Amino acid sequence: MATNVAVDTPVGTLSGRDCIYLDDISFGDDANTLILKGELNGSLCSNAALGSTYSYVATFHGLMAIEMLELDSWNWSGESSFDEVQHSEWVARLGGKVTSEHRHLLFQTYDLVFNIVCSRFDFETVRLDAI
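Per the working numbering, the very first residue in the sequence shown carries number 2; after that it's consecutive.
Structure, rendered in structure tokens:
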């Protein structure tokens with residue numbers, strides 16, 4: 002049975018519709034890499050200062066599958082705005098080149114939700130309002 006587990010980022014767990022704002026979507030490495038860029042509301046990050054703002058770059062490597070949905074069309078609740086789906090039925094159904102290293106990740110922004118199957122990811126943040 003699939004289980005959602007919140008991903009721990011450099012600013013902690015990301016929670017709430019207003020936490021992740023998406024500014025840019027791009028692909029690299031012949032579409033094997035998905036890059037999402039935007040801003041985080043630090044008040045909705047478990048290890049960030051209230052009222053702070055961060056830029057982020059989420060890079061998903063070894064991309065095997067991606068699904069993008071408008072948030073109001075999505076009907077699956079998670080533990081946070083960035084979850085790993087353990088024991089994913091979607092990953093099991095993909096077959097092909099999927100290995101035990103591939104992970105199913107859910108990334109929920111203000112407007113969009115991404116279901117991503119990849120072999121690894123990086124999540125980098127920079128505080129924008131630091132003095």
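Think of the CB as a built atom: it goes at the ideal place given N, C-alpha and C, for glycine as much as any other residue. Owing to the predicted nature of the structure, the values given are computational and were not obtained by experimental measurement.
Mind pulling the alpha helix (DSSP H) runs of 4 or more residues that sit fully within the region 12 to 98?
90 to 95
Along the beta strand (DSSP E) that carries V114, what are the first and last residues, could you check?
113 to 119
Below 8 Å on the Cβ atoms is my contact criterion, and I expect W91 with V118 to pass it. Report the Cβ-Cβ distance as a whole number of Å.
7 Å
Rounded C-alpha distance that separates A93 from A3:
11 Å
Since I believe G13 is in contact with S47 (beta carbons under 8 Å), could you give me their beta-carbon distance rounded to a whole number of angstroms?
3 Å
Buried or exposed: F28, going by 16 or more other Cβ atoms within 10 Å of its Cβ?
Exposed, since its Cβ has fewer than 16 Cβ neighbours within 10 Å.
Which term fits R104, buried or exposed, when burial requires 16 or more other beta carbons within 10 angstroms of its beta carbon?
Looking at its Cβ environment, which holds 16 or more other Cβ atoms inside 10 Å, R104 is buried.
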